[in-house]
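Engineer: Numbering (our numbering), first residue to last: 1166 to 1754.
1. Ignore the nearest five residues each way along the sequence and tell me which others in residue 1331's own chain have a CB closer than 7 Å to its CB.
2. Have a look at 1426, 1460, 1450 and 1512 and flag the residue whose alpha-carbon is nearest the alpha-carbon of residue 1703.
3. Leaving out five residues before and five after residue 1444 in sequence, what residues of the same chain have Cβ atoms less than 8 Å from its Cβ?
4. Who are the Cβ neighbours of residue 1581 in its own chain at under 8 Å, not counting the five residues just before and after it?
5. Where residue 1641 and residue 1281 are concerned, what is the direct C-alpha to C-alpha distance, given to the nearest angstrom?
6. Which whole-angstrom value is the C-beta distance of residue 1724 and residue 1465, which I expect to be below 8 Å?
7. Just curious, the alpha helix (DSSP H) that residue 1390 is in, first and last residue?
8. If you measure between the beta carbons of residue 1668 and residue 1428, is that distance less than 8 Å?
9. I need the DSSP call for residue 1520, collapsed to helix, strand or coil.
10. Could you round the C-beta distance between residue 1457 and residue 1645 to whole angstroms and report it? I think they count as a contact, below 8 Å.
11. Within its chain, find whatever has a CB closer than 6 Å to the CB of residue 1185; leave out the 5 residues flanking it on each side and keep chain order.
12. Would you mind working out which of 1639, 1474, 1605 and 1383 sits nearest residue 1491, comparing C-alpha positions?
13. Would you check whether the ligand GTP has a heavy atom nearer than 7 Å to the C-beta of residue 1736?
14. Roughly how many angstroms lie between the CA atoms of residue 1541 and residue 1479, to the nearest whole one?
15. Keeping to the same chain, check which residues put their C-beta closer than 8 Å to that of residue 1842; ignore five residues upstream and five downstream.
16. According to the neighbour-count rule (16 or more other Cβ atoms, all chains shown, within 10 Å of its Cβ), is residue 1528 buried or exposed?
17. Take every Cβ of the stretch 1589–1601, pair it with every Cβ of the stretch 1415–1426, and state whether three or more of those distances are shorter than 8 Å.
18. If you measure between the beta carbons of residue 1614 and residue 1557, is that distance less than 8 Å?
19. First and last residue of the beta strand (DSSP E) that includes residue 1730?
20. Is it buried or exposed for residue 1356, if we count other Cβ within 10 angstroms and need 16 for buried?
21. Considering only the beta carbon of each residue, do residue 1597 and residue 1738 sit closer than 8 Å?
22. Under DSSP, the alpha helix (DSSP H) around residue 1242 begins and ends at which residues?
23. Given a cut-off of 8 Å, decide if residue 1189 and residue 1271 are closer than it, judged by their beta-carbon atoms.
24. The alpha helix (DSSP H) with residue 1662 in it runs from where to where?
25. Once you ignore the five residues that flank residue 1375 on each side, which residues in its own chain have a CB closer than 6 Å to its CB?
26. Can the beta-carbon of residue 1487 be found closer than 8 Å to that of residue 1505?
27. Relative to the C-alpha of residue 1610, which candidate in 1638, 1574, 1407 and 1449 has its C-alpha closest?
28. Any idea what DSSP makes of residue 1376, helix, strand or coil?
29. Just how far apart, CA to CA, sit residue 1503 and residue 1481?
30. With a threshold of 7 Å on Cβ separation, who are the neighbours of residue 1450 within its own chain once the five nearest residues in sequence on each side are excluded?
31. To the nearest angstrom, report how far apart residue 1214 and residue 1612 are at their CA atoms.
32. Kindly give me the distance between the Cβ atoms of residue 1240 and residue 1318, rounded to whole angstroms, as I take these residues to be in contact under 8 Å.
33. How far does the beta strand (DSSP E) with residue 1546 in it extend, from its first residue to its last?
34. Buried or exposed for residue 1432, going by 16 or more other Cβ atoms inside 10 Å?
Structural data, given as C-alpha cells:
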C-alpha cells in the first residue's frame, strides 16, 4: 500500500492534504469526544436535525471528515505563486506557518468554547493569560523550568512534523506537474472554497454552532476574536454610585452571615441522568436541617459565566454589577478601590469580615499576586492555605488538597471567639473543582483528617468512573459538609444566615442541560433559623425547601443578589423606619 502511494504522486498529494486537513478538526473532536461519534453519519443530536442532503454543508457530528477552507485557500495560493520550485523551502515555510496558525487558533477556540461556553476574544484572554495563567500553571505544577523545556520539545516536534508534511505535500505536487501536467488540481479546490462560502451564508454564525459546518471557514471566527466583546465595556462612576446609598441603612439585629460559593455547582445535577438521585439527596438534606430548626428557600440565579473563572461569578454577586470578562474585572479593581460592595456594607454595620481561600500556591505568597483583590474586597481577615494547617492526604493534585470539612471546621475552631461582634464569612469550596477527584471522608473531629496521610485504597478505582458520576459525588460531598457544619458546629447559634450559591456550570458538562434551562443557571439556597426571614424570599421567585422550582425563565441574576439580599435583611432586621433599597433582579446594567 505504501509503495503504491509512493508511485502515485497524485494520490500522495491528495492523501497528505487530507491528513493535514483532518488534523485541523482534531481539537474540536477531542473537545467534544464525550458527545460525538467518529463517523459523519452517526452521533446526530436529537434536538437539532437537518435533512440528509444538508450534510454536504452542515452536520450535527463533530467528526474530522470535513474541509477547512482556510487551509485549502493557503494551499491554493502557495501552489499558484509564480516562484520557481528551487525555492520550495520558502513555499514550505509559508504553508507551515499558515497551517500552525490555524491549528493554534482552533485549539484556543475549542478550549474556550468547551470550557467557558462562549466565543473567545484575544484582548480579554490576553489579560486573563497575563494575570491568571502563570499562577494557574504553578498551582497545578506546570510552572517550573522542566515543564517549560517539555513545552519547547513538544513545540519543536510539532513544527518538525508539520514542516515535513508540508514539504512532502509540495514535492508530490511538483512531481504531478512535471509528469502529468495535471494543473487542474489547483482549480479542483475552488468548488470546495465556494461551497464553504455558500454554507457560511446559508447557515449564519450562531455563537459557536457555526463549528458544525462540514465545509467551513476559520477567518470569521478569528475576526470576531479581534473585536472587543460588548460585555467588556468598562463600568462608570454613575453606575457604581447606586450602592453607596446602602451606607445610610443600618441593621438593628445583626445575624452572622456565611456566603459560600459551591465550586462548579450549576443546574446540571438537577437535569443529568442522575437527577432523580440528586433530588432525593436534596430532599434528605432539607429534612435533616429542618430537624435542627433551620428553614430554607431556593431558586436559580444566572451567573455571568459558564464553566470557569469563578472570580467573575462571585465578584458579580458581591458588587451587584455584571462582571463578565477579565477586562471588566481588572478595570473595576484598579479604578474603584473604595467600591461600596456587600463586604464593605457589612463592615459599615460593624461586622468582622473573613475570606477563606484553600487553594495553595506553589512558589510565592498569594498576598503578592492577590494584592489588588485584597485591597478591593477589604476583608478584615484573609485566611490562606498556609493558615489552615492541613497536613493530611491531598485529595486533589492541583489546588492543595484541603478537604472542605477541614477548612470550615478549622475556621470555626480557630478564628471564631466568644463575643458580641457579628461576622460575615466568604468561602469557596474546593473539592467540587474540576477534575472532580474522589472526595475525602467526613469525620466527627476534623483534626483526624490530618492523620490520613496515605492514598485511600479505592482512590485510583474511583478515578475510573465517569466525569458526571464523580461530579455528582463532589457536589453532594460539599453540600453535606455545609449541612453538618450548620447542624453541629452552629447547633447552638440561632443567629446565622447561610447563602449557598453556585459560581458556574461544571466545565464541559453544560451540554447535559440540553436547552431545558439557561446554561448560566446555578442553584441558590438561603437558610436560617428565622423562618420569617427565609419566607420573605418566596415572593421574590424562591420556593421553600432545598430544591429550586424552575417553571419558566430564571428571574434572578448574580448581579441582582446584592440588592435582593440587602433588601430582605433591612426588611427583617433594619432599624425602625429604615426603607429597604429597591430590588434590582438584573443588577446594574
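Even glycine gets a Cβ: it sits at the ideal position worked out from N, Cα and C.
Structural biologist: To lay it out plainly:
1. Looking up residue 1331 in the chain shown gives position 166. Closer than 7 Å at Cβ, skipping near neighbours: 1257, 1260, 1261 and 1264.
2. The residue given as residue 1703 occupies position 538 in the chain shown. In this structure, 1460 is the residue among 1426, 1460, 1450 and 1512 with its C-alpha nearest to the C-alpha of residue 1703.
3. Here residue 1444 refers to the residue found at position 279 when the chain shown is read from its first residue. Hits under 8 Å: 1435 and 1712.
4. The residue labelled residue 1581 in the question sits at position 416 within the chain shown. Counting only Cβ-Cβ distances below 8 Å, and skipping sequence neighbours, we find 1588.
5. In the chain shown, counting from the first residue as 1, residue 1641 sits at position 476. In the chain shown, counting from the first residue as 1, residue 1281 sits at position 116. If you take the alpha carbons of residue 1641 and residue 1281, they lie about 23 Å apart.
6. Here residue 1724 refers to the residue found at position 559 of the chain shown. Here residue 1465 refers to the residue found at position 300 of the chain shown. Their Cβ separation, rounded to whole angstroms, is 14 Å, which puts residue 1724 and residue 1465 out of contact at 8 Å.
7. Sequence index remark: in the chain shown, residue 1390 carries index 225 (1-based). Segment 1384–1391, the alpha helix (DSSP H) holding residue 1390.
8. Indexing the chain shown from 1 puts residue 1668 at position 503. Indexing the chain shown from 1 puts residue 1428 at position 263. Their beta carbons are under 8 Å apart, which means residue 1668 touches residue 1428 by this criterion.
9. Stepping through the chain shown from its first residue, residue 1520 is reached at position 355. Of the three classes helix, strand and coil, the one that applies to residue 1520 here is strand, per DSSP.
10. Reading the chain shown from its first residue, position 292 is the one you call residue 1457. Reading the chain shown from its first residue, position 480 is the one you call residue 1645. Rounded, the Cβ-Cβ distance is 14 Å, inconsistent with contact.
11. Taking the chain shown and counting its residues from 1, the one referred to as residue 1185 is at position 20. Annotation for residue 1185: 1330 place their beta carbon closer than 6 Å to its own, counting only its chain and skipping 5 residues before and after.
12. Sequence index remark: in the chain shown, residue 1491 carries index 326 (1-based). The shortest Cα separation from residue 1491 among 1639, 1474, 1605 and 1383 belongs to 1474.
13. Although the ligand GTP was asked about, the structure shown includes no ligands whatsoever.
14. Looking up residue 1541 in the chain shown gives position 376. Looking up residue 1479 in the chain shown gives position 314. Distance between the alpha carbons of residue 1541 and residue 1479: 13 Å.
15. What the structure shows of the chain is the stretch from 1166 to 1754, and residue 1842 is not part of that stretch, so it cannot be assessed.
16. Taking the chain shown and counting its residues from 1, one reaches residue 1528 at position 363. Any reading at residue 1528 must be qualified, since the residue scores a pLDDT of 42, below 50, and its modelled position is unreliable; no value is offered.
17. The stretch 1589–1601 and the stretch 1415–1426 touch, with no fewer than 3 CB-CB distances between them shorter than 8 Å.
18. Numbered from its first residue, the chain shown carries residue 1614 at position 449. Numbered from its first residue, the chain shown carries residue 1557 at position 392. Result yes, Cβ atoms of residue 1614 and residue 1557 sit closer than 8 Å.
19. Residue numbering aside, residue 1730 sits at position 565 when the chain shown is read from its first letter. Taken as a continuous stretch (DSSP letters only), residue 1730 belongs to no beta strand (DSSP E), being part of the alpha helix (DSSP H) at 1723–1738.
20. Here residue 1356 is taken as the residue at index 191 of the chain shown, counted from 1. It is exposed - the Cβ of residue 1356 has fewer than 16 other Cβ atoms within 10 Å.
21. Residue numbering aside, residue 1597 sits at position 432 when the chain shown is read from its first letter. Residue numbering aside, residue 1738 sits at position 573 when the chain shown is read from its first letter. Their beta carbons are not under 8 Å apart, which means residue 1597 does not touch residue 1738 by this criterion.
22. Here residue 1242 refers to the residue found at position 77 when the chain shown is read from its first residue. That run of the alpha helix (DSSP H) goes 1234–1245.
23. By one-based count along the chain shown, residue 1271 stands at place 106. By one-based count along the chain shown, residue 1189 stands at place 24. Cβ atoms of residue 1271 and residue 1189: closer than 8 Å.
24. Translated into positions along the chain shown, residue 1662 becomes position 497. That residue, residue 1662, is in no alpha helix (DSSP H); its beta strand (DSSP E) goes 1661–1667.
25. As a first step, residue 1375 is located in the chain shown; it is residue number 210 there, counting from the start. Summary for residue 1375: the model assigns pLDDT 45, below 50, so the residue's position carries little reliability, and this model does not support an answer.
26. Sequence index remark: in the chain shown, residue 1487 carries index 322 (1-based). Sequence index remark: in the chain shown, residue 1505 carries index 340 (1-based). No, the Cβ-Cβ distance between residue 1487 and residue 1505 is not below 8 Å.
27. Here residue 1610 is taken as the residue at index 445 of the chain shown, counted from 1. Out of 1638, 1574, 1407 and 1449, 1574 has the C-alpha closest to the C-alpha of residue 1610.
28. For the purposes of this step, residue 1376 is taken as the residue at position 211 of the chain shown. Note that residue 1376 scores a pLDDT of 48, beneath 50, so its modelled location is shaky; the value from the coordinates is reported in the next line. Here residue 1376 carries a helix assignment [DSSP, helix/strand/coil].
29. For the purposes of this step, residue 1503 is taken as residue 338 along the chain shown, with counting starting at 1. For the purposes of this step, residue 1481 is taken as residue 316 along the chain shown, with counting starting at 1. If you draw a straight line from the Cα of residue 1503 to the Cα of residue 1481, it comes to about 16 Å.
30. As a first step, residue 1450 is located in the chain shown; it is residue number 285 there, counting from the start. Cβ neighbours of residue 1450 beyond the five flanking positions: 1644, 1648 and 1711.
31. Numbered from its first residue, the chain shown carries residue 1214 at position 49. Numbered from its first residue, the chain shown carries residue 1612 at position 447. Low confidence applies to residue 1214: its pLDDT is 47, below 50, so where it sits in the model is not reliable, and the reading given next is rough at best. When rounded, the distance between both Cα atoms is 55 Å.
32. Against the chain shown, residue 1240 aligns to sequence position 75. Against the chain shown, residue 1318 aligns to sequence position 153. The pair is not a contact, with the Cβ atoms about 28 Å apart (cut-off 8 Å).
33. What you label residue 1546 is simply residue 381 of the chain shown in a count that begins at 1. For residue 1546, the enclosing beta strand (DSSP E) covers residues 1546–1548.
34. Here residue 1432 is taken as the residue at index 267 of the chain shown, counted from 1. Residue 1432 is buried by the Cβ-count criterion.
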